[in-house]
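**Student:** Quick one: this structure, given as C-alpha cells, is what I'll be asking you about.
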Amino acid sequence: MEFTGWSSLAAIGLLFALAGGDPSTALGSPSVVSLTTNFASPARLNNSPDDNAAFLARHWQRPLAANGPAPGNFSALEASLSPAACGACHPRQFADWRSALHSHAMSPGLLGQLQAMGPGARDQHQACLRCHAPLAEQEDHLVDSLIAGRMLPPLADGASSADGLTCAGCHVRGNRRFGPPRSDGTVPAADAQLPHGGWQATPAFEDSRFCAACHQFEAGGPGLNGKPFENTYEEWRASRYAREGRTCQSCHMPQRRHLWRGIHDPAMVRSGLSIDAALVPAAAGRVAAELNVANTGVGHDFPTYVTPQVEVEIAQQDRQGQVILATVVRHLISRAVSLDLRVEYADTRLKPDERRRYGYDRPRHPLATAVVFSITVFPDAFYADFYRATLSDPAFRTGRAALLAALKRVTASPYQLYDARLPLPAR
Numbered sequence: 001m002e003f004t005g006w007s008s009l010a011a012i013g014l015l016f017a018l019a020g021g022d023p024s025t026a027l028g029s030p031s032v033v034s035l036t037t038n039f040a041s042p043a044r045l046n047n048s049p050d051d052n053a054a055f056l057a058r059h060w061q062r063p064l065a066a067n068g069p070a071p072g073n074f075s076a077l078e079a080s081l082s083p084a085a086c087g088a089c090h091p092r093q094f095a096d097w098r099s100a101l102h103s104h105a106m107s108p109g110l111l112g113q114l115q116a117m118g119p120g121a122r123d124q125h126q127a128c129l130r131c132h133a134p135l136a137e138q139e140d141h142l143v144d145s146l147i148a149g150r151m152l153p154p155l156a157d158g159a160s161s162a163d164g165l166t167c168a169g170c171h172v173r174g175n176r177r178f179g180p181p182r183s184d185g186t187v188p189a190a191d192a193q194l195p196h197g198g199w200q201a202t203p204a205f206e207d208s209r210f211c212a213a214c215h216q217f218e219a220g221g222p223g224l225n226g227k228p229f230e231n232t233y234e235e236w237r238a239s240r241y242a243r244e245g246r247t248c249q250s251c252h253m254p255q256r257r258h259l260w261r262g263i264h265d266p267a268m269v270r271s272g273l274s275i276d277a278a279l280v281p282a283a284a285g286r287v288a289a290e291l292n293v294a295n296t297g298v299g300h301d302f303p304t305y306v307t308p309q310v311e312v313e314i315a316q317q318d319r320q321g322q323v324i325l326a327t328v329v330r331h332l333i334s335r336a337v338s339l340d341l342r343v344e345y346a347d348t349r350l351k352p353d354e355r356r357r358y359g360y361d362r363p364r365h366p367l368a369t370a371v372v373f374s375i376t377v378f379p380d381a382f383y384a385d386f387y388r389a390t391l392s393d394p395a396f397r398t399g400r401a402a403l404l405a406a407l408k409r410v411t412a413s414p415y416q417l418y419d420a421r422l423p424l425p426a427r
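Under UniProt numbering, the residues of the sequence shown are numbered 1 to 427, in order.
Okay, here's the thing in C-alpha cells:
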C-alpha cells in the first residue's frame with residue numbers, strides 16, 4: 001500500500017475532525033446569533049423541528065466566535081469555561097464526561113497532526129478543532145501549546161484545547177448557557193434567579209441533527225463511492241430507528257447521561273448485536289459450521305466510519321485448546337479504504353437489521369476436537385496502519401513523539417467481543 005507522506009497526513013486530518021460539514025447544508029440556512037441579556041425562557045416550549053434546524057444552524061456556525069468577556073455580575077465560577085467549573089454544580093455530568101472519549105478528543109494522534117501543521121496554520125487547525133475542541137478560546141490555548149512545543153496543562157479557569165470537546169463546546173455561546181428543557185418538558189420561570197442567568201432551553205439538544213454537526217460530512221464532502229467518510233447521521237436517517245423517533249441521544253446518552261459509548265466499549269457493542277454459532281451437517285471427513293451475526297440494535301451501519309475493523313474467525317481446535325492454523329477462516333466487517341483515502345477496497349458492514357451468515361466448510365484436521373468461533377473488534381484499525389505508515393517516513397519529524405504515543409494507545413484498544421467452542425463428534 002503506497003503512502004504519500006504529508007499529503008496523506010493532511011487528508012486524514014479530515015477523519016480526525018469527526019465533523020459534519022457546513023450546517024447550512026444539513027440544517028437550513030444559517031443566520032446570525034441574536035444575543036440578549038434576558039437569559040430566562042418561558043415555562044414550557046413548543047418548538048417545531050424547523051425551529052430546531054434554525055437553532056442548530058446558528059449554534060454550529062464554525063469557527064465558533066469567541067465568547068468574549070463574561071457579564072460583570074458573574075462570579076469567577078460562572079464566568080469560567082473550564083469543565084471543572086461546570087462540574088461544581090453538575091457533578092454527575094462532569095464525571096460522565098471525564099469517562100468519555102469526548103474528553104480525550106485532543107488525542108496524541110490529533111496533536112501530532114496539529115504539531116506538523118505548525119502554530120500559524122489556524123485555518124488548517126479548524127479542519128480538526130471544529131469538532132475536537134471547537135471553542136475559539138481553545139484554539140488560542142492550542143497555538144500557545146504549539147509555540148511551546150508541548151501540550152500545555154489545562155487552564156484552571158478557562159477553555160483549554162487539552163480538554164477536548166467540553167461542556168462549553170456544546171452548551172455555551174456568547175457566555176449564554178443552552179441546553180434541553182427539563183426531563184418533564186418544563187424550563188425555569190422568567191424571574192428565576194439561577195447561576196449564570198439560567199439557560200436557554202431548546203429541544204434541539206435532543207434532536208439527532210445536533211450530533212450530525214460532528215458526525216456527518218456534508219453531501220459532496222470527503223468520501224468514496226458516493227458515501228462520505230463520516231455518514232452516521234444519514235445511515236441512521238435511512239433506518240427504522242429514525243422512523244420510530246429513536247434518536248442518537250436515546251442510545252448514546254441514555255437518561256441524559258453524558259457517556260457517548262460507542263465502538264470502543266464492549267458492552268455497548270454487544271448490546272447492539274445478536275450472535276449465535278452452530279455446527280451444521282457436513283460431508284464425510286469435513287467440518288461444517290456457521291456463525292450468524294445480526295445488527296439488531298445499532299441504529300446505523302455496524303461499524304460506522306472507516307476507522308474500525310471487526311474480525312470474524314472460525315477454526316478447528318485440538319485437544320490442548322490450540323487453534324490449528326491451517327484450518328482458520330477469517331472474515332472482515334468494515335469499510336476498507338486505502339491510507340490515502342483514494343480507493344475503497346470493500347464495504348462489508350452490517351446495515352441496521354441486517355443478518356449475515358458466515359459459513360465454514362473445511363476438511364476435518366486429524367487433531368481437531370472442536371470448532372471455535374471468535375469476533376474481535378479493532379476500534380482504531382485504520383489509525384494504527386496510518387500511524388505506522390507515517391512514522392516509517394523519515395521526513396516526518398515534527399509530531400513524531402505524539403504519534404508514537406498515539407500508536408501505543410490504539411494498538412491497545414482491540415478486544416474480543418465474542419467467543420464460543422463447540423465440540424466435534426468423536427471419530
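Glycine included, every Cβ here is placed at the ideal spot set by N, Cα and C.
What residues are listed by DSSP as bridge partners for residue 310?
**Tutor:** Paired residue(s): 333, 377.
**Student:** Go ahead and pull the three-state DSSP assignment for residue 155.
**Tutor:** Coil.
**Student:** Could you give the C-beta distance for residue 137 and residue 158, rounded to a whole number, given that I count them as a contact under 8 angstroms?
**Tutor:** At roughly 6 angstroms, the Cβ-Cβ gap stays under 8 angstroms, so residue 137 and residue 158 are in contact.
**Student:** Alpha carbon to alpha carbon, what distance is there between residue 327 and residue 180?
**Tutor:** Using only the alpha carbons, I get a separation of about 54 angstroms.
**Student:** To the nearest whole angstrom, what separates the beta carbons of residue 139 and residue 155, a pair I think is in contact under 8 angstroms?
**Tutor:** Not really, about 13 angstroms apart at Cβ, beyond 8 angstroms.
**Student:** Please state the DSSP three-state secondary structure of residue 229.
**Tutor:** Reduced to three states, the DSSP call for residue 229 is coil.
**Student:** Assign residue 176 to one of three DSSP states: helix, strand, or coil.
**Tutor:** Three-state DSSP puts residue 176 in a strand.
**Student:** In the DSSP assignment, find the alpha helix (DSSP H) that holds residue 326 and state where it starts and stops.
**Tutor:** It is not in any alpha helix (DSSP H) - residue 326 carries neither H nor E in the DSSP assignment.
**Student:** Does the segment 232-249 come within contact of the segment 367-376, defined as at least 3 CB pairs closer than 8 angstroms?
**Tutor:** Touching, no, given that fewer than three Cβ pairs across the two stretches are closer than 8 angstroms.
**Student:** Quick one: grab the DSSP three-state call for residue 223.
**Tutor:** Note: residue 223 maps to strand in three-state DSSP.
**Student:** Tell me the residue span of the beta strand (DSSP E) that contains residue 421.
**Tutor:** Residues 415-423.
**Student:** In whole angstroms, what separates the C-alpha of residue 30 from that of residue 60?
**Tutor:** Below a pLDDT of 50, predicted positions are generally treated as unreliable, and residue 30, at 29, falls in that range; the measurement from the model is reported next regardless. Looking at the two C-alpha atoms, the distance is approximately 9 angstroms.
**Student:** Alpha carbon to alpha carbon, how far is residue 422 from residue 279?
**Tutor:** Their backbone Cα atoms lie some 7 angstroms apart in a straight line.
**Student:** Residue ranges of each beta strand (DSSP E) run of no fewer than 3 residues wholly in the segment 241-299, ordered along the chain?
**Tutor:** Listed in chain order, they are 273-279, 286-295.
**Student:** Once the 5 residues before and after residue 365 are set aside, which same chain residues still bring their CB inside 6 angstroms of it?
**Tutor:** So the list reads 316, 324, 327, once near-sequence residues are dropped.
**Student:** Taking residue 166 as the reference, give the member of 110, 258, 391 with the closest Cα.
**Tutor:** It is 258.
**Student:** Whose C-beta lies closer than 6 angstroms to the C-beta of residue 388 among residues of the same chain, with five residues either side of it excluded?
**Tutor:** So the list is empty, once near-sequence residues are dropped.
**Student:** Start and end of the beta strand (DSSP E) containing residue 347?
**Tutor:** Segment 344-347, the beta strand (DSSP E) holding residue 347.
**Student:** Measuring alpha carbon to alpha carbon, tell me which residue in 288, 298, 239, 276 is nearest residue 267.
**Tutor:** The shortest Cα separation from residue 267 among 288, 298, 239, 276 belongs to 298.
**Student:** Answer with buried or exposed for residue 384, where buried requires no fewer than 16 other C-beta atoms within 10 angstroms of its C-beta.
**Tutor:** By the 10 Å Cβ count, residue 384 comes out buried.
**Student:** Could you check the C-alpha separation between residue 211 and residue 362 for me, to the nearest Å?
**Tutor:** Cα-Cα distance, rounded: 46 angstroms.
**Student:** Is DSSP giving residue 191 helix, strand or coil here?
**Tutor:** Three-state DSSP puts residue 191 in coil, outside helix and strand.
**Student:** Looking at the secondary structure, which residues open and close the beta strand (DSSP E) in which residue 363 lies?
**Tutor:** Its beta strand (DSSP E) spans residues 355-363.
**Student:** Excluding the five sequence neighbours on either side, which residues of its own chain have a C-beta within less than 6 angstroms of the C-beta of residue 52, listed in chain order?
**Tutor:** These residues qualify, in order along the chain: 204, 207.
**Student:** For chain D, find out if any of its Cβ atoms is closer than 8 angstroms to the Cβ of residue 151; answer yes or no.
**Tutor:** Protein chain content of the structure displayed is limited to a single chain, and chain D is not contained in it.
**Student:** Which class does residue 127 belong to by DSSP, given the choice of helix, strand or coil?
**Tutor:** Helix.
**Student:** Here's the rule: buried if 16 or more other CB atoms are within 10 angstroms of the residue's CB, otherwise exposed. What is residue 269?
**Tutor:** Its Cβ being crowded by 16 or more others within 10 Å, residue 269 is buried.
**Student:** In the DSSP assignment, what are the bridge partners of residue 216?
**Tutor:** Its beta-bridge partners are 231.
**Student:** Got a sec, what are the start and stop residues for the alpha helix (DSSP H) residue 113 sits in?
**Tutor:** Residue 113 -> alpha helix (DSSP H) spans 108-117.
**Student:** Could you have a look at residue 207 and say whether DSSP puts it in helix, strand or coil?
**Tutor:** Coil.
**Student:** State buried or exposed for residue 399, treating a residue as buried only when at least 16 other CB atoms are found within 10 Å of its CB.
**Tutor:** It is buried - the Cβ of residue 399 has at least 16 other Cβ atoms within 10 Å.
**Student:** Our contact map puts residue 101 next to residue 118 with C-beta atoms below 8 angstroms; I'd like the distance itself, whole angstroms only.
**Tutor:** Contact doesn't hold; Cβ gap of about 26 angstroms is too wide.
**Student:** Tell me which residues share the same chain as residue 169 and place their Cβ nearer than 6 angstroms to its Cβ, disregarding the 5 neighbours each side in the sequence.
**Tutor:** So the qualifying residues of the chain are 134, 135.
**Student:** Would you decide whether residue 64 is buried or exposed? Buried here means 16 or more other CB atoms lie within 10 Å of its CB.
**Tutor:** Buried, by the Cβ-count rule.
**Student:** So what does residue 370 bridge to, in DSSP terms?
**Tutor:** DSSP output for residue 370 lists 317, 423 as bridge partner(s).
**Student:** With DSSP collapsed to three states, give me the class of residue 74.
**Tutor:** Reduced to three states, the DSSP call for residue 74 is coil.
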